[in-house]
Amino acid sequence: MSRAAALLVAYALATSGCASYHLMRAGQVNTNAAGRVQAKLVATRGLTFQSPVPLQAVPAAEARTMLERELHAQYSSDELAKLSRIYGALGLIPPGTDLERAYLDLYGQQIAGFYDPLDRRMVLVEDAITPDLLTRMVEGVLRRDFAGELVLAHELTHALQDQHYGLDVGRNDLGEDDAELARHAVYEGDATLAGFAVVLGTLKPSAAVSLAGKLEGVPDALARAYPDIPDAVRATVAFQYVAGANFVSWAYQRAGWDGVNALLAHPPFSTEQILHPEKYFVRAEYPLGVRVGGIAPYLPAGWQVAEEATLGEFTIQVLGNQFLAHDRAQTMAAGWSGDRMVALSHGDDLAIVWLSAWDTEQDAAEFFAGYGAILAAKHPGAAAATSADTVLTSQGPSPYRVERRETKVLVVEGPLDRDLARVTERVWLHSTYQQTIPAVPVDLAACDGRRPRK
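Heads up: the sequence shown begins at 68 in my numbering, then just goes up one per residue.
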(Lines of atoms letter the chains of each structure in order from A and count residues from 1; the text may use other names and numbers.)
(Lines give C-alpha, C1' and ligand atoms only; values in the text may rest on other atoms or scores of the structure.)
Protein backbone atom coordinates (compact mmCIF):
# COMPACT_ATOMS: atom_id res chain seq x y z
CA MET A 1 0.00 0.00 0.00
CA SER A 2 3.05 2.21 0.02
CA ARG A 3 2.79 4.24 -3.16
CA ALA A 4 -0.59 5.68 -2.27
CA ALA A 5 0.68 6.38 1.24
CA ALA A 6 3.89 8.11 0.26
CA LEU A 7 2.89 11.77 0.35
CA LEU A 8 5.54 13.84 2.10
CA VAL A 9 3.53 15.75 4.68
CA ALA A 10 3.68 17.06 8.22
CA TYR A 11 0.62 17.07 10.44
CA ALA A 12 -0.78 20.11 12.19
CA LEU A 13 2.07 21.28 14.34
CA ALA A 14 2.41 24.74 12.85
CA THR A 15 1.36 27.86 14.66
CA SER A 16 -0.26 31.08 13.58
CA GLY A 17 0.20 34.56 14.92
CA CYS A 18 1.67 37.99 14.38
CA ALA A 19 4.93 37.92 16.34
CA SER A 20 8.11 38.56 14.38
CA TYR A 21 9.41 35.08 15.10
CA HIS A 22 6.31 33.26 13.83
CA LEU A 23 6.69 31.49 10.48
CA MET A 24 3.15 32.45 9.49
CA ARG A 25 2.02 36.06 9.92
CA ALA A 26 -1.47 37.12 8.84
CA GLY A 27 -1.67 34.24 6.38
CA GLN A 28 1.72 34.98 4.82
CA VAL A 29 5.08 33.24 5.14
CA ASN A 30 7.52 35.15 7.34
CA THR A 31 10.48 34.94 4.98
CA ASN A 32 12.99 36.16 7.57
CA ALA A 33 12.00 33.47 10.08
CA ALA A 34 11.88 30.85 7.33
CA GLY A 35 15.34 31.87 6.16
CA ARG A 36 16.72 31.33 9.65
CA VAL A 37 15.26 27.82 9.75
CA GLN A 38 16.70 27.04 6.33
CA ALA A 39 20.16 28.24 7.40
CA LYS A 40 19.99 26.10 10.55
CA LEU A 41 18.97 23.08 8.50
CA VAL A 42 21.89 23.50 6.09
CA ALA A 43 24.30 23.77 9.02
CA THR A 44 22.72 20.72 10.68
CA ARG A 45 22.41 18.38 7.72
CA GLY A 46 25.63 19.42 5.98
CA LEU A 47 23.81 19.61 2.63
CA THR A 48 23.29 22.85 0.74
CA PHE A 49 20.27 23.78 -1.35
CA GLN A 50 21.21 23.49 -5.02
CA SER A 51 18.30 25.73 -6.00
CA PRO A 52 15.81 27.90 -4.07
CA VAL A 53 12.71 26.22 -2.66
CA PRO A 54 9.69 28.52 -3.08
CA LEU A 55 7.57 28.87 0.07
CA GLN A 56 3.83 29.28 -0.38
CA ALA A 57 1.02 29.75 2.15
CA VAL A 58 -2.35 28.33 1.10
CA PRO A 59 -5.76 27.76 2.73
CA ALA A 60 -6.50 24.25 3.97
CA ALA A 61 -8.93 23.55 1.12
CA GLU A 62 -6.31 24.42 -1.48
CA ALA A 63 -3.74 22.25 0.32
CA ARG A 64 -6.11 19.29 0.08
CA THR A 65 -6.47 19.91 -3.66
CA MET A 66 -2.68 19.91 -4.01
CA LEU A 67 -2.42 16.65 -2.08
CA GLU A 68 -5.07 15.13 -4.32
CA ARG A 69 -3.02 16.14 -7.35
CA GLU A 70 0.09 14.56 -5.83
CA LEU A 71 -1.80 11.36 -5.07
CA HIS A 72 -3.13 11.21 -8.62
CA ALA A 73 0.39 11.61 -9.98
CA GLN A 74 0.85 8.08 -8.68
CA TYR A 75 -2.62 6.59 -9.18
CA SER A 76 -5.79 7.60 -10.97
CA SER A 77 -9.13 7.34 -9.20
CA ASP A 78 -9.90 4.19 -11.19
CA GLU A 79 -6.60 2.60 -10.15
CA LEU A 80 -7.26 3.44 -6.51
CA ALA A 81 -10.71 1.89 -6.80
CA LYS A 82 -9.10 -1.24 -8.24
CA LEU A 83 -6.61 -1.37 -5.37
CA SER A 84 -9.47 -0.94 -2.91
CA ARG A 85 -11.02 -4.13 -4.27
CA ILE A 86 -7.74 -6.06 -4.22
CA TYR A 87 -6.75 -5.02 -0.69
CA GLY A 88 -10.31 -5.72 0.44
CA ALA A 89 -10.12 -9.22 -1.02
CA LEU A 90 -6.81 -9.83 0.73
CA GLY A 91 -8.27 -8.63 4.01
CA LEU A 92 -5.95 -5.65 4.48
CA ILE A 93 -8.89 -3.23 4.53
CA PRO A 94 -12.63 -3.76 5.02
CA PRO A 95 -14.44 -4.61 1.77
CA GLY A 96 -15.98 -1.52 0.23
CA THR A 97 -13.33 0.86 1.56
CA ASP A 98 -12.69 3.90 -0.62
CA LEU A 99 -8.88 4.13 -0.49
CA GLU A 100 -8.76 7.47 -2.27
CA ARG A 101 -11.03 9.10 0.28
CA ALA A 102 -9.25 7.38 3.18
CA TYR A 103 -5.85 8.74 2.16
CA LEU A 104 -7.13 12.24 1.44
CA ASP A 105 -9.06 12.33 4.72
CA LEU A 106 -6.00 11.22 6.65
CA TYR A 107 -3.55 13.54 4.94
CA GLY A 108 -5.94 16.42 4.36
CA GLN A 109 -7.19 16.90 7.92
CA GLN A 110 -5.09 19.12 10.18
CA ILE A 111 -2.12 19.12 7.83
CA ALA A 112 0.42 21.82 8.61
CA GLY A 113 2.65 21.73 5.56
CA PHE A 114 4.25 19.59 2.89
CA TYR A 115 6.96 19.52 0.28
CA ASP A 116 5.55 19.22 -3.22
CA PRO A 117 8.07 17.16 -5.25
CA LEU A 118 6.16 17.72 -8.48
CA ASP A 119 6.69 21.50 -8.42
CA ARG A 120 9.62 21.39 -5.97
CA ARG A 121 8.07 23.88 -3.59
CA MET A 122 7.24 24.04 0.10
CA VAL A 123 3.61 24.59 1.08
CA LEU A 124 2.53 25.84 4.51
CA VAL A 125 -1.14 25.70 5.45
CA GLU A 126 -2.86 28.80 6.77
CA ASP A 127 -4.70 28.57 10.10
CA ALA A 128 -3.15 25.27 11.13
CA ILE A 129 -3.82 24.17 14.70
CA THR A 130 -2.26 26.45 17.29
CA PRO A 131 -0.07 24.85 20.01
CA ASP A 132 -1.38 24.69 23.58
CA LEU A 133 -1.10 27.60 26.00
CA LEU A 134 2.07 26.38 27.73
CA THR A 135 3.87 25.94 24.41
CA ARG A 136 2.83 29.43 23.32
CA MET A 137 4.12 30.88 26.59
CA VAL A 138 7.52 29.20 26.17
CA GLU A 139 7.70 30.33 22.55
CA GLY A 140 6.92 33.89 23.58
CA VAL A 141 9.64 33.97 26.23
CA LEU A 142 12.27 32.40 23.95
CA ARG A 143 10.92 34.11 20.83
CA ARG A 144 10.93 30.83 18.94
CA ASP A 145 8.16 29.25 16.86
CA PHE A 146 9.09 25.69 17.83
CA ALA A 147 6.18 23.96 16.12
CA GLY A 148 6.52 25.96 12.93
CA GLU A 149 10.28 25.44 12.84
CA LEU A 150 9.82 21.69 13.26
CA VAL A 151 7.36 21.46 10.38
CA LEU A 152 9.41 23.65 8.05
CA ALA A 153 12.72 21.92 8.84
CA HIS A 154 11.09 18.51 8.38
CA GLU A 155 9.66 19.36 5.00
CA LEU A 156 12.71 21.27 3.77
CA THR A 157 14.71 18.13 4.54
CA HIS A 158 12.59 16.45 1.87
CA ALA A 159 13.63 19.23 -0.52
CA LEU A 160 17.30 18.54 0.29
CA GLN A 161 16.72 14.82 -0.28
CA ASP A 162 15.09 15.59 -3.61
CA GLN A 163 17.84 17.94 -4.81
CA HIS A 164 20.73 15.68 -3.80
CA TYR A 165 19.33 12.16 -4.23
CA GLY A 166 15.99 12.40 -6.02
CA LEU A 167 12.70 11.39 -4.45
CA ASP A 168 10.78 8.54 -6.04
CA VAL A 169 7.32 10.04 -5.47
CA GLY A 170 5.31 9.51 -8.64
CA ARG A 171 7.73 6.93 -10.10
CA ASN A 172 4.98 4.30 -9.93
CA ASP A 173 7.39 1.37 -10.31
CA LEU A 174 5.24 -1.65 -11.06
CA GLY A 175 4.91 -3.88 -8.05
CA GLU A 176 7.76 -2.41 -6.01
CA ASP A 177 5.53 -1.55 -3.07
CA ASP A 178 7.69 -3.06 -0.33
CA ALA A 179 10.99 -1.55 -1.48
CA GLU A 180 9.32 1.81 -2.03
CA LEU A 181 7.81 1.81 1.44
CA ALA A 182 11.28 1.08 2.83
CA ARG A 183 12.72 4.06 0.95
CA HIS A 184 9.98 6.34 2.23
CA ALA A 185 10.68 5.21 5.77
CA VAL A 186 14.23 6.51 5.26
CA TYR A 187 12.90 9.82 3.90
CA GLU A 188 10.61 10.34 6.88
CA GLY A 189 13.10 9.06 9.44
CA ASP A 190 15.75 11.48 8.16
CA ALA A 191 13.31 14.41 8.09
CA THR A 192 12.05 13.63 11.59
CA LEU A 193 15.53 13.54 13.13
CA ALA A 194 16.65 16.61 11.16
CA GLY A 195 13.57 18.59 12.20
CA PHE A 196 14.21 17.96 15.88
CA ALA A 197 17.94 18.64 15.46
CA VAL A 198 17.12 22.10 14.06
CA VAL A 199 14.69 22.90 16.87
CA LEU A 200 16.98 21.56 19.62
CA GLY A 201 20.13 23.05 18.13
CA THR A 202 21.93 19.71 18.22
CA LEU A 203 21.15 16.00 18.29
CA LYS A 204 23.40 13.62 20.16
CA PRO A 205 23.40 10.02 18.89
CA SER A 206 21.84 8.85 22.16
CA ALA A 207 19.15 11.52 21.81
CA ALA A 208 18.32 10.28 18.30
CA VAL A 209 17.69 6.79 19.69
CA SER A 210 15.60 8.22 22.53
CA LEU A 211 13.57 10.34 20.11
CA ALA A 212 12.88 7.32 17.91
CA GLY A 213 11.60 5.47 20.97
CA LYS A 214 9.27 8.31 21.93
CA LEU A 215 7.56 8.06 18.54
CA GLU A 216 6.19 4.62 19.43
CA GLY A 217 2.97 6.29 20.52
CA VAL A 218 2.22 7.65 17.03
CA PRO A 219 0.07 4.66 15.88
CA ASP A 220 -2.21 4.96 18.93
CA ALA A 221 -2.43 8.72 18.47
CA LEU A 222 -3.47 8.28 14.83
CA ALA A 223 -6.05 5.67 15.86
CA ARG A 224 -7.59 8.09 18.37
CA ALA A 225 -7.54 11.00 15.94
CA TYR A 226 -8.80 9.09 12.89
CA PRO A 227 -10.90 6.13 14.08
CA ASP A 228 -12.76 5.93 10.77
CA ILE A 229 -9.58 5.49 8.69
CA PRO A 230 -8.76 1.79 8.09
CA ASP A 231 -6.09 0.45 10.42
CA ALA A 232 -3.88 -0.66 7.51
CA VAL A 233 -3.81 2.89 6.11
CA ARG A 234 -2.93 4.43 9.47
CA ALA A 235 -0.32 1.75 10.14
CA THR A 236 1.41 2.32 6.80
CA VAL A 237 1.69 6.04 7.46
CA ALA A 238 2.89 5.57 11.05
CA PHE A 239 5.48 3.01 9.93
CA GLN A 240 7.28 5.59 7.81
CA TYR A 241 7.77 7.92 10.79
CA VAL A 242 8.20 5.47 13.68
CA ALA A 243 10.15 2.60 12.14
CA GLY A 244 11.83 5.06 9.77
CA ALA A 245 13.20 7.20 12.61
CA ASN A 246 14.44 4.11 14.44
CA PHE A 247 16.17 2.77 11.32
CA VAL A 248 17.80 6.11 10.47
CA SER A 249 18.96 6.50 14.08
CA TRP A 250 21.13 3.40 13.57
CA ALA A 251 22.97 5.15 10.75
CA TYR A 252 23.17 8.40 12.72
CA GLN A 253 24.72 6.59 15.69
CA ARG A 254 27.38 5.03 13.49
CA ALA A 255 28.38 7.85 11.17
CA GLY A 256 26.32 10.96 11.93
CA TRP A 257 24.66 12.78 9.04
CA ASP A 258 27.16 11.24 6.59
CA GLY A 259 25.70 7.89 7.59
CA VAL A 260 22.18 9.16 6.93
CA ASN A 261 23.28 10.45 3.53
CA ALA A 262 24.68 6.99 2.83
CA LEU A 263 21.20 5.56 3.43
CA LEU A 264 19.75 7.96 0.88
CA ALA A 265 22.42 6.97 -1.63
CA HIS A 266 22.07 3.25 -0.88
CA PRO A 267 18.55 2.75 0.51
CA PRO A 268 17.27 -0.46 2.09
CA PHE A 269 15.73 -3.09 -0.14
CA SER A 270 12.77 -4.12 2.00
CA THR A 271 10.61 -3.29 5.00
CA GLU A 272 12.19 -6.35 6.62
CA GLN A 273 15.40 -4.33 6.87
CA ILE A 274 13.50 -1.35 8.32
CA LEU A 275 11.84 -3.56 10.95
CA HIS A 276 15.10 -5.35 11.73
CA PRO A 277 17.91 -2.79 11.21
CA GLU A 278 20.56 -5.40 11.94
CA LYS A 279 19.62 -7.03 8.62
CA TYR A 280 20.96 -3.91 6.91
CA PHE A 281 23.68 -2.64 9.25
CA VAL A 282 25.13 -5.80 10.85
CA ARG A 283 24.51 -8.88 8.75
CA ALA A 284 22.79 -7.81 5.56
CA GLU A 285 19.86 -9.89 4.31
CA TYR A 286 18.60 -9.05 0.84
CA PRO A 287 15.18 -10.10 -0.46
CA LEU A 288 14.64 -12.99 -2.80
CA GLY A 289 13.06 -11.82 -6.04
CA VAL A 290 9.96 -13.92 -6.76
CA ARG A 291 8.47 -14.12 -10.24
CA VAL A 292 5.08 -15.83 -10.45
CA GLY A 293 4.85 -17.88 -13.64
CA GLY A 294 2.33 -20.22 -15.19
CA ILE A 295 -0.55 -17.74 -15.21
CA ALA A 296 -0.78 -15.55 -18.31
CA PRO A 297 -0.62 -18.33 -20.96
CA TYR A 298 -3.34 -20.30 -19.20
CA LEU A 299 -5.83 -17.62 -18.18
CA PRO A 300 -9.46 -18.53 -18.88
CA ALA A 301 -11.27 -16.30 -21.36
CA GLY A 302 -12.05 -12.86 -19.98
CA TRP A 303 -9.53 -12.97 -17.14
CA GLN A 304 -6.68 -10.47 -17.03
CA VAL A 305 -3.87 -9.43 -14.69
CA ALA A 306 -5.08 -6.46 -12.65
CA GLU A 307 -2.08 -5.80 -10.39
CA GLU A 308 1.25 -7.19 -9.22
CA ALA A 309 3.00 -6.33 -5.98
CA THR A 310 5.55 -7.44 -3.45
CA LEU A 311 3.85 -7.13 -0.07
CA GLY A 312 6.83 -7.66 2.24
CA GLU A 313 7.14 -8.37 5.94
CA PHE A 314 5.49 -5.18 7.16
CA THR A 315 2.35 -5.48 5.04
CA ILE A 316 2.04 -9.18 5.91
CA GLN A 317 2.27 -8.16 9.56
CA VAL A 318 -0.46 -5.57 9.04
CA LEU A 319 -2.62 -8.18 7.30
CA GLY A 320 -2.17 -10.54 10.23
CA ASN A 321 -3.13 -7.80 12.68
CA GLN A 322 -6.57 -7.53 11.05
CA PHE A 323 -7.45 -11.10 12.07
CA LEU A 324 -4.93 -12.45 14.59
CA ALA A 325 -3.42 -11.47 17.91
CA HIS A 326 -0.52 -9.06 17.45
CA ASP A 327 2.14 -11.54 18.57
CA ARG A 328 0.89 -14.19 16.17
CA ALA A 329 0.77 -11.68 13.32
CA GLN A 330 4.42 -10.84 13.96
CA THR A 331 5.35 -14.52 14.08
CA MET A 332 3.48 -15.18 10.84
CA ALA A 333 5.43 -12.44 9.03
CA ALA A 334 8.83 -13.15 10.58
CA GLY A 335 11.40 -14.91 8.45
CA TRP A 336 10.10 -13.35 5.23
CA SER A 337 12.51 -13.77 2.34
CA GLY A 338 10.45 -12.57 -0.64
CA ASP A 339 6.99 -12.67 -2.20
CA ARG A 340 4.92 -11.74 -5.21
CA MET A 341 1.18 -11.23 -5.36
CA VAL A 342 -0.71 -11.25 -8.67
CA ALA A 343 -4.33 -10.10 -8.70
CA LEU A 344 -6.54 -11.17 -11.61
CA SER A 345 -9.98 -9.91 -12.54
CA HIS A 346 -12.90 -10.91 -14.72
CA GLY A 347 -15.79 -8.48 -14.42
CA ASP A 348 -16.77 -8.48 -10.75
CA ASP A 349 -14.76 -11.64 -10.05
CA LEU A 350 -11.34 -11.33 -8.44
CA ALA A 351 -8.63 -13.92 -7.86
CA ILE A 352 -5.34 -13.75 -5.97
CA VAL A 353 -2.21 -15.77 -6.70
CA TRP A 354 0.41 -15.14 -4.03
CA LEU A 355 3.76 -16.93 -3.83
CA SER A 356 6.03 -16.30 -0.84
CA ALA A 357 9.49 -17.50 0.19
CA TRP A 358 10.74 -17.87 3.76
CA ASP A 359 14.09 -18.21 5.49
CA THR A 360 13.34 -21.64 6.98
CA GLU A 361 10.74 -24.37 6.73
CA GLN A 362 9.57 -23.41 10.22
CA ASP A 363 8.97 -19.82 9.06
CA ALA A 364 7.00 -21.13 6.07
CA ALA A 365 4.95 -23.40 8.34
CA GLU A 366 4.11 -20.49 10.65
CA PHE A 367 2.96 -18.36 7.72
CA PHE A 368 0.95 -21.30 6.34
CA ALA A 369 -0.81 -21.80 9.67
CA GLY A 370 -1.35 -18.08 10.22
CA TYR A 371 -2.78 -17.50 6.78
CA GLY A 372 -5.02 -20.53 7.23
CA ALA A 373 -6.46 -18.84 10.32
CA ILE A 374 -6.96 -15.65 8.32
CA LEU A 375 -8.84 -17.55 5.61
CA ALA A 376 -11.08 -19.14 8.24
CA ALA A 377 -11.89 -15.68 9.58
CA LYS A 378 -12.44 -14.23 6.10
CA HIS A 379 -14.76 -17.07 5.09
CA PRO A 380 -16.60 -18.20 8.23
CA GLY A 381 -18.62 -21.33 7.75
CA ALA A 382 -16.72 -22.43 4.65
CA ALA A 383 -15.73 -26.07 4.79
CA ALA A 384 -11.95 -26.48 4.64
CA ALA A 385 -9.80 -29.57 4.28
CA THR A 386 -6.15 -29.92 5.18
CA SER A 387 -3.54 -32.53 4.35
CA ALA A 388 -0.37 -33.09 6.40
CA ASP A 389 -0.19 -29.38 7.28
CA THR A 390 0.99 -28.64 3.75
CA VAL A 391 -2.26 -28.26 1.78
CA LEU A 392 -5.39 -26.33 2.75
CA THR A 393 -8.38 -26.23 0.42
CA SER A 394 -11.95 -24.98 0.36
CA GLN A 395 -14.60 -25.13 -2.36
CA GLY A 396 -17.80 -23.17 -2.76
CA PRO A 397 -18.45 -19.52 -3.66
CA SER A 398 -15.08 -18.38 -2.24
CA PRO A 399 -12.69 -21.19 -3.14
CA TYR A 400 -9.05 -21.19 -2.11
CA ARG A 401 -6.05 -23.48 -2.07
CA VAL A 402 -2.87 -22.99 -0.01
CA GLU A 403 0.17 -25.22 -0.46
CA ARG A 404 3.48 -25.30 1.39
CA ARG A 405 6.56 -26.85 -0.20
CA GLU A 406 9.69 -26.63 1.95
CA THR A 407 10.38 -22.87 2.35
CA LYS A 408 7.74 -21.66 -0.14
CA VAL A 409 4.00 -21.08 0.30
CA LEU A 410 1.54 -20.62 -2.57
CA VAL A 411 -1.92 -19.12 -2.10
CA VAL A 412 -4.66 -19.12 -4.74
CA GLU A 413 -7.97 -17.47 -3.84
CA GLY A 414 -10.99 -16.93 -6.03
CA PRO A 415 -12.85 -18.62 -8.90
CA LEU A 416 -9.93 -18.65 -11.35
CA ASP A 417 -10.41 -22.31 -12.25
CA ARG A 418 -12.71 -25.12 -11.21
CA ASP A 419 -9.59 -27.09 -10.33
CA LEU A 420 -7.31 -24.84 -8.29
CA ALA A 421 -4.83 -27.70 -7.91
CA ARG A 422 -4.23 -27.41 -11.63
CA VAL A 423 -3.45 -23.71 -11.18
CA THR A 424 -1.03 -24.28 -8.31
CA GLU A 425 0.84 -27.01 -10.19
CA ARG A 426 1.47 -24.71 -13.15
CA VAL A 427 2.59 -21.86 -10.87
CA TRP A 428 5.01 -24.11 -9.00
CA LEU A 429 6.43 -25.36 -12.29
CA HIS A 430 6.95 -22.00 -13.99
CA SER A 431 7.80 -19.61 -11.13
CA THR A 432 11.39 -18.47 -10.65
CA TYR A 433 13.48 -16.95 -7.87
CA GLN A 434 16.49 -14.63 -8.00
CA GLN A 435 18.57 -13.44 -5.07
CA THR A 436 18.94 -9.66 -4.80
CA ILE A 437 22.59 -8.64 -4.95
CA PRO A 438 23.39 -4.97 -4.26
CA ALA A 439 25.48 -3.25 -6.90
CA VAL A 440 27.50 -1.43 -4.25
CA PRO A 441 28.14 -2.89 -0.78
CA VAL A 442 27.25 -0.33 1.87
CA ASP A 443 29.91 0.64 4.40
CA LEU A 444 28.52 3.53 6.41
CA ALA A 445 31.84 4.16 8.10
CA ALA A 446 33.51 4.79 4.73
CA CYS A 447 30.61 6.21 2.71
CA ASP A 448 30.05 9.96 2.54
CA GLY A 449 26.63 9.53 0.97
CA ARG A 450 27.50 10.97 -2.41
CA ARG A 451 26.29 9.44 -5.63
CA PRO A 452 26.07 10.71 -9.19
CA ARG A 453 22.73 12.20 -10.15
CA LYS A 454 20.96 10.49 -13.03
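We put the beta carbon where it would ideally sit given N, CA and C, even for glycine.
- When DSSP states are grouped into helix, strand and coil, residue 497 belongs to the helix group.
- Only exposed fits residue 393, as fewer than 16 other CB atoms lie within 10 angstroms of its CB.
- In the structure shown, residue 486 adopts coil according to DSSP, grouped into three states.
- Listed in chain order, the non-local C-beta contacts of residue 369 below 8 angstroms within the same chain comprise 413 and 414, local neighbours out to five positions each way being set aside.
- The DSSP-derived three-state label of residue 465 is coil.
- Residue nearest to residue 383 within the set 325, 424, 482 and 351 is 424 (criterion: CA-CA distance).
- In its chain, beyond the 5 residues on either side, 96, 188, 189, 190 and 191 have a beta carbon closer than 8 angstroms to the beta carbon of residue 123.
- Contact between the stretch 175 to 187 and the stretch 308 to 320 is not established, with fewer than three Cβ pairs separated by less than 8 angstroms.
- When C-alpha distances from residue 310 are compared across 356, 255, 287 and 265, the shortest belongs to 255.
- With a cut-off of 8 angstroms on Cβ pairs, the stretch 124 to 131 is not in contact with the stretch 348 to 357, counting fewer than three such pairs.
- Taken in chain order, the whole alpha helix (DSSP H) runs of length 4 or more contained in the stretch 388 to 439 are 393 to 400.
- In the DSSP annotation of this structure, residue 116 is not part of any beta strand (DSSP E), being labelled neither H nor E.
- About 17 angstroms separates the Cβ atoms of residue 262 and residue 305, ruling out a contact at the 8 angstroms cut-off.
- Annotated three-state conformation of residue 327 is helix, per DSSP.
- Within the stretch 293 to 323, there are no complete beta strand (DSSP E) runs of at least 3 residues.
- Apart from sequence neighbours up to five positions away, the residues of its chain that approach residue 272 with a beta-carbon distance below 7 angstroms are 319 and 320, ordered along the chain.
- Closest in alpha carbon position to residue 248, among 376, 147, 266 and 489, is 376.
- For residue 191, the enclosing beta strand (DSSP E) starts and ends at 188 to 192.
- Its Cα nearest to that of residue 322, the residue 275 stands out among 275, 288 and 117.
- In this structure, the straight-line span from the alpha carbon of residue 464 to that of residue 419 is close to 15 angstroms.
- If the five residues before and after residue 108 are omitted, its C-beta is found closer than 6 angstroms to the C-beta atoms of 220, 223 and 265, all from its own chain and listed in chain order.
- Note on geometry: alpha-carbon atoms of residue 333 and residue 151 lie some 32 angstroms from one another.
- Going by C-alpha positions, residue 267 is about 15 angstroms away from residue 279.
- By the Cβ-count criterion, residue 471 is buried, with 16 or more other Cβ atoms from all chains shown falling within 10 Å of its own Cβ.
- Residue 273 sits in a helix when the DSSP states are folded into three classes.
- Contact annotation: residue 426 and residue 337 have beta-carbon atoms that are not nearer than 8 angstroms.
- If you look at residue 455, you'll find it isn't in any beta strand (DSSP E); DSSP assigns it neither H nor E.
- Three or more beta-carbon pairs drawn from the stretch 285 to 304 and the stretch 160 to 180 are found closer than 8 angstroms, and the two stretches are therefore classed as touching.
- Taking 8 angstroms as the upper bound for CB-CB distance, residue 326 and residue 417 are not in contact here, some 44 angstroms apart.
- Selection 390, 478, 106 and 282 evaluated against residue 458 yields 478 as nearest (Cα-Cα).
- The criterion of a C-beta distance shorter than 8 angstroms is not satisfied by residue 405 and residue 497.
- A direct Cα-to-Cα measurement between residue 232 and residue 460 gives close to 48 angstroms.
- Between the alpha carbons of residue 466 and residue 487 lies a gap of roughly 8 angstroms.
- Using a Cβ distance threshold of 8 angstroms, residue 359 and residue 285 do not count as a contacting pair.
- For the options 295, 328, 259 and 270, the alpha carbon positioned closest to that of residue 282 is the one of 259.
- With a cutoff of 8 angstroms on beta-carbon distance, residue 345 and residue 398 are scored as not near each other.
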